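Asks: Okay, so the sequence shown: first residue is 9 according to the working numbering, each after it adds one.
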Amino acid sequence: MHKPPISVRVNLSHPNNYEVIIGQNILETCGEKIAQQIYSQRCVIISDSNVAPLYADQVKQSLIKSGISSNTVTVPAGESSKFLSQVEGICREMITNGHDRHSFVIALGGGVIGDLAGLVAAIFYRGIPLIQIPTTIVSQVDSSIGGKTGVNAPEGKNLIGAFHQPKLVIADTMTLKTLPEREFNEGFAEAIKHAAIRDGDMLEEIVSVNASSDLDSLIAKNVAIKARVVEEDEKELLGTRAHLNYGHTIGHAIEAAGGYGKFLHGEAISLGLVCANSISSKLFGFPPDQSDRIKNALIKFNLPVNLDKEITTDEILTIMKADKKFENGQIRFVALHELGKPELTDKVSETMISEAIAEIR
Ligand code: NAD
Ligand code: GLY
Numbered sequence: 009m010h011k012p013p014i015s016v017r018v019n020l021s022h023p024n025n026y027e028v029i030i031g032q033n034i035l036e037t038c039g040e041k042i043a044q045q046i047y048s049q050r051c052v053i054i055s056d057s058n059v060a061p062l063y064a065d066q067v068k069q070s071l072i073k074s075g076i077s078s079n080t081v082t083v084p085a086g087e088s089s090k091f092l093s094q095v096e097g098i099c100r101e102m103i104t105n106g107h108d109r110h111s112f113v114i115a116l117g118g119g120v121i122g123d124l125a126g127l128v129a130a131i132f133y134r135g136i137p138l139i140q141i142p143t144t145i146v147s148q149v150d151s152s153i154g155g156k157t158g159v160n161a162p163e164g165k166n167l168i169g170a171f172h173q174p175k176l177v178i179a180d181t182m183t184l185k186t187l188p189e190r191e192f193n194e195g196f197a198e199a200i201k202h203a204a205i206r207d208g209d210m211l212e213e214i215v216s217v218n219a220s221s222d223l224d225s226l227i228a229k230n231v232a233i234k235a236r237v238v239e240e241d242e243k244e245l246l247g248t249r250a251h252l253n254y255g256h257t258i259g260h261a262i263e264a265a266g267g268y269g270k271f272l273h274g275e276a277i278s279l280g281l282v283c284a285n286s287i288s289s290k291l292f293g294f295p296p297d298q299s300d301r302i303k304n305a306l307i308k309f310n311l312p313v314n315l316d317k318e319i320t321t322d323e324i325l326t327i328m329k330a331d332k333k334f335e336n337g338q339i340r341f342v343a344l345h346e347l348g349k350p351e352l353t354d355k356v357s358e359t360m361i362s363e364a365i366a367e368i369r
């Protein structure tokens with residue numbers, strides 16, 4: 009017997025309200041839950057070459073029980089699948105398979121699949137419903153919630169995309185058992201970020217996680233943090249949602265400079281968090297003991313806190329300037345006054361960023 013699932017609602021204006029269900033072995037009954045939200049008998053499951061062999065059939069069988077037919081489109085696993093022509097390829101495969109505006113999309117996988125399949129759902133026949141079934145820590149605590157979809161450009165991360173909220177998110181924590189260790193660990197960078205901007209006490213809970221921990225309540229806590237931020241500023245117009253970018257301005261640039269292959273997303277964000285901590289200390293007097301708590305949590309998950317010389321500071325700065333967070337020549341940077349007190353500021357100079365990168369060499 010498993011515990012009952014936890015439900016967290018994302019309360020956006022109609023029709024963008026939805027439920028995030030977090031629990032164990034809930035893939036078995038996902039068809040029933042989906043049929044309660046979507047009145048369509050046909051969908052495409054978009055997944056990757058690691059996740060589809062593990063979970064696509066289970067999802068398909070559950071859909072069949074609820075009278076929904078599906079076909080699966082599988083892309084190669086990894087960040088390198090997040091590019092625009094991949095979106096076109098998937099859309100064309102869907103047309104060939106007879107999908108139209110009455111179909112819907114299930115994103116089955118980590119953040120790469122959520123972002124990629126989300127963009128397909130946003131533009132196929134000008135937008136069809138999306139269900140997120142996240143299978144990594146990153147996607148369960150962060151990327152499946154909030155409606156940001158998109159792909160990378162060679163010039164930078166997530167530069168091409170759309171807002172498209174899911175109709176339902178089903179986070180089966182049993183799927184995390186098949187994550188390789190490195191992919192399991194990287195996911196905690198986003199949870200540590202949530203703790204940094206909203207709930208410093210959660211750092212203790214995060215560092216006490218081990219391979220056999222029951223993660224449901226920690227994941228639900230993170231989902232609730234993300235949901236509240238998105239409710240406050242759905243389209244990132246007011247500045248609050250931008251707080252979720254803590255560590256991402258430099259982290260995304262490091263990820264792109266590494267060719268989207270040297271570092272996993274969470275690993276690049278770990279480096280970005282350490283740099284953001286040091287900028288926060290200089291700018292707002294972010295206390296060193298709080299900065300150390302974040303850094304020690306990253307180290308606990310074997311996340312990198314030092315950058316080798318293979319990627320130069322100039323490369324990182326050049327990529328940062330193409331980023332969405334760089335507006336009218338000013339960097340929009342999130343810095344902390346203390347744990348739980350972020351501020352979006354334009355007071356961070358290129359020199360401060362270069363110095364922060366120098367400190368992690
Ligand atoms: P990912 O999707 O590449 O998954 C990591 C690896 O784990 C992949 O090789 C994948 O095939 C494998 N995998 C996934 N689930 C598995 C499972 N249950 N068992 C075994 N293997 C499994 O990466 P990720 O870390 O989940 O997501 C990173 C992406 O998320 C980045 O592209 C990032 O930009 C994006 N992101 C988006 C948002 C957003 O708000 N949209 C937020 C944070 C991150
Ligand atoms: N991951 C950043 C956001 O959802 O806004």
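Every residue gets a Cβ at the ideal spot worked out from N, C-alpha and C, and that includes glycine. Note that this is a predicted model, so its numbers are computed, not measured.
(1) Kindly examine the ligand GLY and report whether one of its heavy atoms sits closer than 8 Å to the Cβ of R340.
(2) According to DSSP, is P61 helix, strand or coil?
(3) Pop quiz: K41 and D224 are said to be a contact at Cβ under 8 Å. What is the actual Cβ separation, rounded to whole angstroms?
(4) Note down, one range per segment and in chain order, each beta strand (DSSP E) of at least 3 residues found wholly within the stretch 88-121.
(5) Could you compute how far the alpha carbon of D180 sits from the alpha carbon of V81?
(6) From A284 to I103, what does the alpha carbon distance come to, in whole angstroms?
(7) Check whether the Cβ of N24 lies closer than 8 Å to any heavy atom of the ligand GLY, and answer yes or no.
(8) How many Å lie between A161 and L124 at the Cα?
(9) With DSSP collapsed to three states, give me the class of F132.
(10) Work out the CA separation of H22 and K175 for me, nearest whole Å.
(11) Take T320 as the anchor and find which of D241, G293 and I258 has the nearest alpha-carbon.
(12) To which residues of the same chain is L246 closer than 8 Å at the C-beta, ignoring the five residues directly before and after it?
(13) Between L311, V238, F196 and H251, which has its C-alpha nearest H341's C-alpha?
(14) Using a C-beta cutoff of 9 Å, does G274 count as contacting chain D?
(15) Kindly give me the distance between the Cβ atoms of E194 and E275, rounded to whole angstroms, as I take these residues to be in contact under 8 Å.
(16) Is there at least one non-hydrogen atom of the ligand GLY closer than 8 Å to the beta-carbon of V159?
(17) Going by the C-beta, is E191 closer than 8 Å to any heavy atom of the ligand NAD?
(18) In angstroms with no decimal places, state the Cα-to-Cα distance between G280 and R134.
(19) Of all the options I14, A204, S74 and K234, which has the alpha carbon lying nearest to the alpha carbon of N304?
(20) Excluding the 5 residues preceding and the 5 following R17 in the sequence, name in chain order all residues of the same chain whose CB lies nearer than 8 Å to its CB.
(21) Could I get the ranges of all uninterrupted alpha helix (DSSP H) runs contained in the stretch 294-346, with 4 residues as the minimum, in chain order?
(22) Measuring alpha carbon to alpha carbon, tell me which of R369, A197 and E367 ends up nearest I307.
(23) Please determine whether the Cβ atom of P188 lies at a distance below 8 Å from any heavy atom of the ligand NAD.
(24) What residues are listed by DSSP as bridge partners for V159?
(25) Do V149 and I227 count as a contact pair if the criterion is CB distance below 9 Å?
(26) Would you decide whether E163 is buried or exposed? Buried here means 16 or more other CB atoms lie within 10 Å of its CB.
(27) DSSP puts E80 in a beta bridge; with which residues?
Replies: On the basis of the data shown:
(1) no
(2) helix
(3) Contact doesn't hold; Cβ gap of about 16 Å is too wide.
(4) 112-117
(5) 21 Å
(6) 44 Å
(7) For the ligand GLY, not one heavy atom lies less than 8 Å from the Cβ of N24.
(8) 13 Å
(9) F132 sits in a helix when the DSSP states are folded into three classes.
(10) The alpha-carbon atoms of K175 and H22 are separated by roughly 11 Å.
(11) I258
(12) The answer, listed in chain order, is E240.
(13) Sequence check: residue 341 is Phe here, not His. Here the closest residue by C-alpha is H251.
(14) This model lacks chain D altogether; it includes just one protein chain.
(15) 5 Å
(16) no
(17) yes
(18) For G280 and R134, the gap between their C-alpha atoms comes out near 35 Å.
(19) A204
(20) N25, Y26, E27, V28 and A235
(21) 296-308 and 321-329
(22) Comparing Cα positions, the closest option is A197.
(23) yes
(24) I168
(25) yes
(26) exposed
(27) Looking at the sequence shown, residue 80 is not Glu but Thr. According to DSSP, which records beta bridges pairwise, T80 is partnered with I53.
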